[in-house]
Every structure is written in C-alpha cells, then in structure tokens.
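> Numbering (the working numbering), first residue to last: 48 to 309.
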Amino acid sequence: MLRTERRRLDPAILNLPVEKMRDGYYSDVYFNRAREILEKDRYHPRVRMQVFQRNQAVLCGIDEAIAILKLCSGRHAPDGSWEDGWDRLTVRALYDGDAIAPFETVMTIEGDYALFAHLETPYLGVLARRTRIATNARAIVDAAGGKEVLFFPARFDHHLVQTGDGYAAYISGALGVSTDANAEWWGSRGMGTVPHALIAAYGGDTVRATQKFADHIDGSVNVISLVDFDNDCVGTSLAVARALGERLWGVRLDTSGTLVDR
Numbered sequence: 048m049l050r051t052e053r054r055r056l057d058p059a060i061l062n063l064p065v066e067k068m069r070d071g072y073y074s075d076v077y078f079n080r081a082r083e084i085l086e087k088d089r090y091h092p093r094v095r096m097q098v099f100q101r102n103q104a105v106l107c108g109i110d111e112a113i114a115i116l117k118l119c120s121g122r123h124a125p126d127g128s129w130e131d132g133w134d135r136l137t138v139r140a141l142y143d144g145d146a147i148a149p150f151e152t153v154m155t156i157e158g159d160y161a162l163f164a165h166l167e168t169p170y171l172g173v174l175a176r177r178t179r180i181a182t183n184a185r186a187i188v189d190a191a192g193g194k195e196v197l198f199f200p201a202r203f204d205h206h207l208v209q210t211g212d213g214y215a216a217y218i219s220g221a222l223g224v225s226t227d228a229n230a231e232w233w234g235s236r237g238m239g240t241v242p243h244a245l246i247a248a249y250g251g252d253t254v255r256a257t258q259k260f261a262d263h264i265d266g267s268v269n270v271i272s273l274v275d276f277d278n279d280c281v282g283t284s285l286a287v288a289r290a291l292g293e294r295l296w297g298v299r300l301d302t303s304g305t306l307v308d309r
C-alpha cells in the first residue's frame, strides 16, 4: 500500500542531551562495552536491526528514536572530536500514531553496528514509554465514543516526562492536555477546569469560584466547572449553569471513589 508522506518532529525541539547520549551516559553498560570492543578490535559488522514489540498497540516515540540516531550515532575520534555516523546508516520506520500488530517491525536500522550500539537503551526506552501512553490514550478516546477527551496525568509522574507524554496522547486523539509542557511539541497550550483548591479557597462555594474564574481568566478560555465539591453533582451543576448561563462551557465530575454522590 502506498503511504502518503508525513512530517516528522524536528529533532531540534526535543532538547535531547546529545553529548551524554553520545557518551553512553543513558545506556546500559553492556551496550557501551560492546561498542568499545568493536572499536578497539577495528571490527565493523554491517547489521540490520529490526525493532518490534509484542502487543496490539499505537506506535509513538518513533520520531524521538530517529532523532537519537540522527544526532548521536557515530564515534569519538582519537583527538576527542565527534565523527557523525548518521549518513552511514539507513533507517526505515513507521510513523507516530500508526496502529501496529504484535511482532510487527516498526523500525529497521542498517549499517555499522559500532556506530549505534550505544543507543539501543535510549531509543527503545522512548519507544516503550510513548507507545504505552499512546495506546492507553487511544483506548480512552475510543471508549469515549466521539466525546472530547482531556489528558490530565501530569501530577502523577515526574515533570520531565510531560512533553513527550502529552504528544503521545495528542497523536492518539486527545483534544487537549493540562500543561504547557504537555503541548509544546505541536505548539499549543495547556487547558483545564476550575480546581478543587480554588473552590476550597472560596469557602467551598463552587458557584462563586466558577464566577471568579469567568471574571478573571481570558474570555477565550472555556469555563469548565468542577461540580463534585458538595457531593451533589446534579444540584451543583444546575446552580452553576443558572449563575453563568452561556458563559459556562461544561462541567467536570470528579467524585472520590470512596464516596457516593447524592
């Protein structure tokens, strides 16, 4: 089947720690030692590496993996300078967002193994994480049946993973993400709702907190009220709707799993 050419992420926006990756800082030591042995032995086997995984999934992390190979393959010359190896490799790959089958090859790397032996850990790592996020996000989007899905997991993981994880959710169909870092790779911004903390700051008055949100936040931002604070989602939703009218874009229900709503 013919594939329409699609754009890949520009490696420059990924902020990769290029020097450390070239040095093998993020690589399993045995891969670094494999490179060292090949270089000291002056042995340069030409190989074809095939990358696959074992589950039905939504692929993501391919553009990062290619960027790692593009910027970090090569070798250190005797004088310490870096000799780039990208132009001596042939890389073929699927695209972020592709549906993939178990054991399907998603990327091949052909060339002198010593040029990229040290990169297996980081490129497999980004593929594993991004594919897991993308697969889970696509399952949620499909389950939503056409309803818009917002991606809000930032508070449950380290802040440094936000950018790539947000991109993985986005390419899987999520409407929006919760932090600006989540949205960086496609040039967007984070979006959100009225938080519990703001309602608590206004004495538990959801209507007042939502009204203040509408009063002070830019009018282009959708007003989405959190309506479970009083454990009465129906009653609070109606109260907020009556107070804000057309300014209210939507409501969010986030009742604790340890409670039963009225």
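We put the CB at the ideal spot given by N, CA and C, even for glycine. No experiment lies behind these values; they were computed from the predicted model shown.
Which residues mark the beginning and the end of the beta strand (DSSP E) in which V315 is found?
This structure cannot settle anything about residue 315, because the visible part of the chain is limited to 48 through 309.
> Look up I187 in the DSSP assignment and say whether it is helix, strand or coil.
I187 falls in the helix class under three-state DSSP.
> Rounding to the nearest angstrom, what Cα-Cα distance links M68 and V268 in this structure?
Answer to the nearest angstrom: the Cα atoms are 40 Å apart.
> Between I187 and Y90, what straight-line distance do the alpha-carbon atoms span, to the nearest angstrom?
C-alpha separation (whole angstroms): 48 Å.
> Can you grab the Cα-Cα spacing for the pair G223 / F198, in whole Å?
In a straight line, the C-alpha of G223 is about 6 Å away from that of F198.
> Should G71 and H165 be called a contact, given that it needs their Cβ atoms to be closer than 8 Å?
Yes.
> Alpha carbons only, please: which of A216, D279, D265, D277 is nearest the one belonging to A185?
The sequence shown places Arg at residue 185, not Ala. When only C-alpha atoms are compared, the closest one is A216.
> Considering only the beta carbon of each residue, do N229 and A247 sit closer than 8 Å?
No, they are not a contact pair.
> Name the one or two DSSP bridge partners that S272 has.
For S272, which the question treats as bridged, DSSP gives the partners V298.
> My assumption, with CB atoms under 8 Å, is that T240 sits in contact with I271. Please give the rounded CB distance.
Going by Cβ atoms, the distance from T240 to I271 rounds to 4 Å, so yes, they are a contact pair.
> Would you decide whether V310 is buried or exposed? Buried here means 16 or more other CB atoms lie within 10 Å of its CB.
In the structure as shown, the chain begins at 48 and stops at 309. Residue 310 is therefore absent and cannot be evaluated.
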